[in-house]
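Contents: one structure, followed by commentary.
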Amino acid sequence: MALYLIGDVQGCNACLQHLLDKISFSPSRDTLYLLGDLVNRGPDSAGVLRRLMAYGHAAQCLLGNHDLHLLAAAHGARQPSRKDTLHDVLNAPDRPAMLDWLRQQHLAILLPHQTTTYLLVHAGVLPGWSAAKTMALAQEVETVLRGPDLPAFLHQMYGNAPAGWHDSLTGVDRLRVIVNALTRLRFCTPEGEMEFSVTGAADAAPPGYMPWFDVPGRHSADVCVAFGHWSTLGWLDRSDVLALDTGCVWGGSLTALKLGQETGPNTHELIQVRCPQAQKPGS
């Protein structure tokens, strides 16, 4: 049985098929862990969702900011922009089934494998959050997404404030910080104040900010955090972080990382397929 981490697909169903063919994926034998942004900006978001739904437990999926945006658009909490390519889901006869499946997915997954524990998120983890705390906070939002309060939450989900985490946060403010960290974070201060206006590479941090994974003493450093979201960062392979968004929808590659079946360095296998999309890079 092989385990694969896969970066942002963003509606590129043909590229996903190409990648799965390249790795000889079998849903009866292997497991995919998709790191969010399953939909939007690419040409076939509905195809991606239908494919992953059909794989059942063989496809474990995170929610990214574009996936939450689809839920918000479906519930009238956000109007699709001219750049969005969500119409094939929103106008589909099986729209209810796809949206119901999407709201059941995760905001964080903890994956022990061999001697390493992987914390899977779409975007990032605030410096003061341990892996266990990240999982607990993610589950708070997942409960809302799967419950009757979903429409009300989606209408209040958007916004950049509060910019940082405090354990005393309650209500929508608390949920919004969790969502922003797990699905939008790139840069923050050493104290965990988030910044969302800059989407460039790691060296583009505004004064006083740094990539979230470079904050000294972050509490999640004892696990390997695997994430997507940051196409301008590209493939990053460190012992404590793995970045897998390699800009599929922007004309880059779709990336899978096969986790090694043996312990030790260099046991993982990187597999990539080129994608022909020609959109301009974005978040």
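Heads up: the sequence shown at position 165 corresponds to 164 in numbering that gives the first Met the number 0, and the numbers run straight through without jumps.
Using N, Cα and C, we set each Cβ at its ideal position, and we do this for glycine too.
Values in this document were obtained by computation on a predicted structure and should not be read as measured data.
Starting from residue i and walking both ways along the alpha helix (DSSP H), at which residues does that stretch end?
i    : result
E268 : It is not in any alpha helix (DSSP H) - E268 instead sits in the beta strand (DSSP E) that spans E268 to R273.
C14  : N12 to K21
L144 : A130 to L144
V224 : Run containing V224: none in the alpha helix (DSSP H); it sits in the beta strand (DSSP E), C223 to F226.
T182 : G170 to R183
L101 : R94 to R102
L313 : Only positions 0 to 282 of the chain appear in this structure, which leaves residue 313 out of reach.
Identify the continuous beta strand (DSSP E) that holds residue i and give its terminal residues.
i    : result
S238 : Careful: S238 lies outside any beta strand (DSSP E) and carries neither H nor E.
I108 : I108 to H112
A58  : A58 to C60
V124 : First-last for V124: undefined, no H or E at that position.
S252 : S252 to K257
L67  : Looking at the DSSP string, L67 is not in any beta strand (DSSP E); the run it does join, the alpha helix (DSSP H), is N64 to A73.
Y54  : Taken as a continuous stretch (DSSP letters only), Y54 belongs to no beta strand (DSSP E), being part of the alpha helix (DSSP H) at S44 to Y54.
L149 : No beta strand (DSSP E) holds L149; the alpha helix (DSSP H) holding it covers L149 to Q155.
With a Cβ-Cβ cutoff of 8 angstroms, do residue i and residue j count as a contact?
i    : j    : result
L184 : G246 : no
C187 : L106 : no
V88  : L69  : yes
L174 : V143 : yes
V224 : L181 : no
Y3   : P26  : no
D219 : L62  : It is worth fixing the name first, because residue 219 is Ser in this sequence and not Asp. In this structure, L62 does not lie closer than 8 angstroms to S219 by Cβ.
L18  : A71  : no
L253 : L269 : no
T231 : T198 : yes
P189 : V222 : no
W100 : M52  : yes
L136 : I108 : no
Counting C-beta neighbours from all protein chains within 10 Å, is the total for residue i 16 or more, i.e. buried, or is it exposed?
i    : result
R273 : exposed
T169 : exposed
G158 : exposed
A242 : buried
I5   : buried
D7   : buried
A160 : exposed
G281 : Summary for G281: the model assigns pLDDT 46, below 50, so the residue's position carries little reliability; its value from the coordinates is reported in the next sentence. When all chains shown are included, G281 counts as exposed.
H86  : exposed
D148 : exposed
K279 : In this predicted model, K279 has a pLDDT of only 47, less than 50, meaning its place in the structure is not dependable; the value taken from the coordinates is given anyway. Exposed, by the Cβ-count rule.
R237 : exposed
D244 : buried
Find the nearest neighbour of residue i within the set the options, judged by alpha-carbon distance.
i    : options                   : result
A200 : E141, G233 and G227       : G233
V248 : Q59, G10 and A242         : G10
V171 : N179, A130, A162 and M156 : M156
Q303 : D29, V8 and D20           : Since the first residue of the chain shown is 0 and the last is 282, residue 303 is not available in this structure.
W211 : R102, M193 and L149       : M193
K82  : R94, N39 and Q113         : N39
G146 : G207, N64, T116 and Q104  : Q104
L115 : D244, L136 and V240       : A small correction: the amino acid at residue 115 is Thr; Leu does not occupy that position in the sequence shown. Closest option to T115, Cα to Cα, is V240.
A151 : K21, A76 and V140         : A76
H112 : G216, A1 and Q138         : A1
H228 : K21, H65, L51 and D43     : H65
G216 : G191, F24, R237 and P205  : G191
H165 : K132, E141, S196 and F195 : K132
A162 : F195, E139, A130 and Q138 : F195
Would the beta-carbon of residue i be found less than 7 angstroms away from any heavy atom of the ligand MN?
i   : result
M52 : By its list of ligands, the structure shown contains no ligand whatsoever, and the ligand MN lies outside what it can speak to.
Original post:
Does the count of Cβ pairs from the segment 27–34 and the segment 54–66 closer than 8 angstroms reach three?
Top reply: yes
Subject >> Three CB pairs or more closer than 8 angstroms across the segment 40–47 and the segment 12–30 >> reply: yes
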